[in-house]
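Have a look at the structure below before the remarks.
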Amino acid sequence: MSDTTAPDASFEEMMNQRSFLDPRMPLDGKTILVTGGTGSFGRKLTETICAEYKPKKLIIFSRDELKQYEMAQDFSPSDYPFLRYFIGDVRDASRLDQAMRDVDIVIHAAALKHVPIAEYNPFECIKTNVMGAENVVCAAIKRGVSHVCALSTDKAANPINLYGASKLAADKIFTAAQHMGGEGGPVFSVVRYGNVVGSRGSVIPYFRRLIESGATELPITDPRMTRFWITLEQGVNFVLSSLSMARGGEIFVPKIPSMSTANLARTMAPHLPHKVIGIRPGEKLHEIMIPEDDARTTIELDDRFAILPAHAAKVTARYLASGGHLVPDGFNYASNTNPEQLTETALRQLIGMAAAA
Numbered sequence: 210m211s212d213t214t215a216p217d218a219s220f221e222e223m224m225n226q227r228s229f230l231d232p233r234m235p236l237d238g239k240t241i242l243v244t245g246g247t248g249s250f251g252r253k254l255t256e257t258i259c260a261e262y263k264p265k266k267l268i269i270f271s272r273d274e275l276k277q278y279e280m281a282q283d284f285s286p287s288d289y290p291f292l293r294y295f296i297g298d299v300r301d302a303s304r305l306d307q308a309m310r311d312v313d314i315v316i317h318a319a320a321l322k323h324v325p326i327a328e329y330n331p332f333e334c335i336k337t338n339v340m341g342a343e344n345v346v347c348a349a350i351k352r353g354v355s356h357v358c359a360l361s362t363d364k365a366a367n368p369i370n371l372y373g374a375s376k377l378a379a380d381k382i383f384t385a386a387q388h389m390g391g392e393g394g395p396v397f398s399v400v401r402y403g404n405v406v407g408s409r410g411s412v413i414p415y416f417r418r419l420i421e422s423g424a425t426e427l428p429i430t431d432p433r434m435t436r437f438w439i440t441l442e443q444g445v446n447f448v449l450s451s452l453s454m455a456r457g458g459e460i461f462v463p464k465i466p467s468m469s470t471a472n473l474a475r476t477m478a479p480h481l482p483h484k485v486i487g488i489r490p491g492e493k494l495h496e497i498m499i500p501e502d503d504a505r506t507t508i509e510l511d512d513r514f515a516i517l518p519a520h521a522a523k524v525t526a527r528y529l530a531s532g533g534h535l536v537p538d539g540f541n542y543a544s545n546t547n548p549e550q551l552t553e554t555a556l557r558q559l560i561g562m563a564a565a566a
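Residue numbers (this note's numbering): 210 to 566.
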């Protein structure tokens, strides 16, 4: 993988290299169900679909009635007659089965994502992230859904915390589901990406709150720490294009830039010193999206990687025939060795984008 980062490239320039717009899944006339649809991703996906497509139905499936009420103020069924708000929990198999009647496409975004909360409430994490994944798979197969795409996380690769381990288990469930559905069953795929710019709980809003409240220093877990970054718009486009490309059982990983959290803090507040507080339990120094052991079945494409099922020769042959190539032995995709690193100009633009989100 070549280094495509110009010495002072803007964030926009770097993102334009990875728009993930081609191909995107055609959604006109389709019935789409989004689990966890009131989250940051679900809202952005809804905004995109409302602006660019004419689906038959878009079903927002989530368990929080307040978030559904608030979302309906911005995306009202009176303005978008195809919208449906459906109260339900992925832990409830019968409710999922009911929600998936006549559904064509499922985008599974529901999860418990907070690392310390998952550590303290392990059974709740497993019920949602693992058993919920099983329920989505079973309902999709039973109802004859065409495509299912599950959102994953970089924390699922070589996990060291329960959240990451639960998402790795979910990834395995969705990739194995391709065989469970049999011929003519749903096409299952997974997308795995890193931190989302400006999303709830991300570091940029956290640093901003500290700066605005008059903090005299910024807490840094470790000055060496690096992370992958993607915008919400990119995340939505990546899911839609991965849905279109999927043949069954893939884990798609986007090519996105990395950054140092210390450089981010320095860019946001060059006048403030840093206080090193140490890495928290369950936290990594650097994130990885493709471990070395997965390289044996990983195909590199222009704007992404596809980790393919180990015993899927036909799927592998299709990707190779369309211009993909196997990554070399010993390859891994990690935030600290990623050739695309955010420049200072790109960081400033990213901070501005997060403020506007």
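Don't be surprised by glycine CBs; every beta carbon is placed ideally from N, CA and C.
query                                                                                                             : result
Alpha-carbon to alpha-carbon, V445 and A319                                                                       : 15 angstroms
Close beta carbons around G539, own chain, < 8 angstroms, minus the five adjacent residues each side              : E501, A504
Segment contact, 8 angstroms Cβ cut-off, at least three pairs: the segment 249 to 259 with the segment 368 to 380 : no
Own chain residues within Cβ distance below 7 angstroms of L377, not counting five before or after                : A365, P368
Euclidean distance between Cα positions of A515 and S361                                                          : 14 angstroms
Test item: CB-CB of S408 and S544 under 9 angstroms                                                               : no
Selected residue, minimal CA-CA separation from G246, among K276, P518, M309                                      : K276
For P290 and S453, believed in contact at Cβ under 8 angstroms, the rounded distance                              : Actually they do not touch by this definition, with Cβ atoms about 25 angstroms apart.
Anticipated Cβ contact below 8 angstroms, G393 with F437, distance rounded                                        : No, G393 and F437 are not in contact; Cβ-Cβ is about 36 angstroms, not under 8 angstroms.
Coarse secondary structure for S496, derived from DSSP in three states                                            : Looking at the sequence provided, one finds Glu at residue 496 rather than Ser. The answer is coil: DSSP assigns E496 none of H, G, I, E or B.
Test item: CB-CB of L427 and H483 under 9 angstroms                                                               : yes
Selected residue, minimal CA-CA separation from I350, among F397, C259, T440, A522                                : F397
Beta-carbon proximity check, R300 vs T337, cutoff 9 angstroms                                                     : yes
Euclidean distance between Cα positions of A521 and G487                                                          : 43 angstroms
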